[in-house]
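K.L.:
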Amino acid sequence: MNKKLREKIVEDMKQRLSAKRFKHVLAVADAAVKLAHHYGQNEEKAELAGLLHDAAKEESLKCMQDSARILYGSTLDDEVMQRPELLHGYAAAAYASLTYNIFDNDVLRAIAYHTTGHIEMSPLEKIIFLADYIEVNRDFPEAEELRKIAFIDLDRAVLKGYDTTLDYLIKQEKAIYTGTVANRNALLAEVKKADGV
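Under the numbering used here, residues 81 to 277 are what the sequence shown spells out, in order.
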């Protein structure tokens with residue numbers, strides 16, 4: 081990503097987001113670049129997706145829905161469309177595409193799926209998913225363990241991320257997105273297959 085585009089996006093995020101969310105976005109981009117470097121992936125794409133992954137996080141549900149429909153039409157299920165914590169990634173991908181003419185499918189998918197994940201995630205998608213967990217400002221109990229695993233085994237780290245989220249949602253008595261469970265189980269099967277189990 082050229083310097084001018086990066087500066088424009090950073091300034092835009094600074095204006096669009098709260099100070100806390102802006103700090104998070106910068107830290108996710110930094111973690112994503114480090115993970116991309118470690119795993120031999122495109123660092124510019126990782127930074128771009130990291131900077132834009134929460135671009136729609138603080139929008140109203142209606143605004144998120146309108147944005148997501150532009151890029152995804154009616155392909156998103158009702159559960160996603162009614163829950164901002166799930167929808168914001170899709171809305172952010174639409175924002176990235178419409179505002180910055182980003183049409184790289186790998187970048188857009190990494191932004192869209194950074195919360196829910198999905199079956200058969202690309203390395204970049206896994207990197208953004210994980211960077212959101214391991215950025216330096218995250219201080220939940222499992223964050224440090226996730227930071228270590230993330231640089232050892234990408235798939236196991238994503239699996240641990242899923243498990244951490246599911247555990248949190250259960251303890252908080254919050255609804256669990258059925259797609260996340262399916263995505264987690266598919267990855268678990270891949271990890272076990274790779275282990276010969």
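Yeah, the Cβ is synthetic: ideal placement off N, Cα and C, and Gly gets one too.
#1: If we ignore side chains and look at the alpha-carbon of each, how far apart do aspartate 92 and leucine 188 end up?
#2: Take glycine 169 as the anchor and find which of Gly130, Ser154 and Pro203 has the nearest alpha-carbon.
#3: Taking the alpha-carbon positions, what's the alanine 230 to valine 238 distance?
#4: Alpha carbons only, please: which of His133, Lys251 and Ala112 is nearest the one belonging to glutamate 124?
#5: Applying the criterion that 16 or more other CB atoms from any shown protein chain within 10 Å of the CB defines a buried residue, is leucine 178 buried or exposed?
#6: Is the segment 256-271 in contact with the segment 149-169, if contact means three or more CB pairs nearer than 8 Å?
#7: Out of Thr245, Glu127, Phe183 and Lys272, state which residue places its alpha-carbon closest to the alpha-carbon of valine 261.
#8: Leucine 128: which of Asn181, Glu139 and Tyr213 sits nearest, CA to CA?
#9: Let me know the secondary structure DSSP gives methionine 63 once reduced to three states.
#10: Is it true that the CB of isoleucine 191 sits closer than 8 Å to the CB of isoleucine 207?
#11: Using 8 Å for Cβ pairs, my map puts isoleucine 214 next to leucine 226. What's the rounded Cβ distance?
#12: Given 8 Å as the limit, is there contact between the segment 87-104 and the segment 135-145, that is, 3 or more CB pairs closer than that?
#13: Going by C-alpha distance, which of Ala107, Lys272, Glu222 and Ala172 is nearest histidine 133?
#14: Which same chain residues, not among the five before or five after methionine 144, have their C-beta less than 7 Å away from its C-beta?
#15: Consult DSSP for valine 216 and reduce its assignment to one of helix, strand or coil.
#16: Taking the alpha-carbon of valine 108 as reference, which of Met201, Leu249, Thr195 and Ala269 has the nearest alpha-carbon?
#17: Would the beta-carbon of alanine 174 fall within 8 Å of that of serine 202?
#18: What residue does the alpha helix (DSSP H) around lysine 94 start on, and which one ends it?
#19: Please list, in chain order, all residues of the same chain as methionine 81 whose beta carbon is under 7 Å from its beta carbon, the five residues on each side excluded.
P.N.:
This is what the structure gives:
#1: Along the sequence shown, one-based indexing puts residue 92 at 12. Along the sequence shown, one-based indexing puts residue 188 at 108. For aspartate 92 and leucine 188, the distance between alpha carbons rounds to 18 Å.
#2: By one-based count along the sequence shown, residue 169 stands at place 89. Nearest C-alpha to glycine 169: Gly130.
#3: The residue you call residue 230 lines up with position 150 of the sequence shown. The residue you call residue 238 lines up with position 158 of the sequence shown. Alanine 230 and valine 238: Cα-Cα distance of roughly 8 Å.
#4: Along the sequence shown, one-based indexing puts residue 124 at 44. Closest by alpha carbon: Ala112.
#5: Taking the first residue of the sequence shown as 1, we reach residue 178 at position 98. The residue in question, leucine 178, is exposed, as its Cβ has fewer than 16 Cβ neighbours within 10 Å.
#6: yes
#7: Residue mapping note: residue 261 aligns to position 181 of the sequence shown, counting from 1. Checking every option, the nearest Cα to that of valine 261 belongs to Thr245.
#8: Working through the sequence shown from its first residue, we reach residue 128 at position 48. Selected option, being the one with the closest Cα: Asn181.
#9: Residue 63 lies beyond the residue range present for the chain, which begins at 81 and ends at 277; the question has no answer from this structure.
#10: Translated into the one-based positions of the sequence shown, residue 207 becomes position 127. Translated into the one-based positions of the sequence shown, residue 191 becomes position 111. The answer is no: Cβ separation not under 8 Å.
#11: By one-based count along the sequence shown, residue 214 stands at place 134. By one-based count along the sequence shown, residue 226 stands at place 146. Correct: roughly 5 Å between the Cβ atoms.
#12: yes
#13: As a first step, residue 133 must be located in the sequence shown, where it is residue number 53. Considering only alpha carbons, the answer is Ala172.
#14: Position 64 of the sequence shown, counting from 1, holds the residue named residue 144. Only Ala136, Pro164, Leu167, His168 and Ala171 meet the Cβ criterion.
#15: Numbered from 1 along the sequence shown, position 136 holds the residue referred to as residue 216. The answer is coil: DSSP assigns valine 216 none of H, G, I, E or B.
#16: For the purposes of this step, residue 108 is identified with residue 28 of the sequence shown, where counting begins at 1. Considering only alpha carbons, the answer is Thr195.
#17: For this step, residue 174 is matched to residue 94 along the sequence shown. For this step, residue 202 is matched to residue 122 along the sequence shown. In this structure, serine 202 does not lie closer than 8 Å to alanine 174 by Cβ.
#18: Counting from one through the sequence shown, the residue named residue 94 turns up at place 14. Where lysine 94 is concerned, the enclosing alpha helix (DSSP H) stretches over 83-96.
#19: Position 1 of the sequence shown, counting from 1, holds the residue named residue 81. Excluding positions up to five away in sequence, the list reads Glu124, Glu127 and Leu128.
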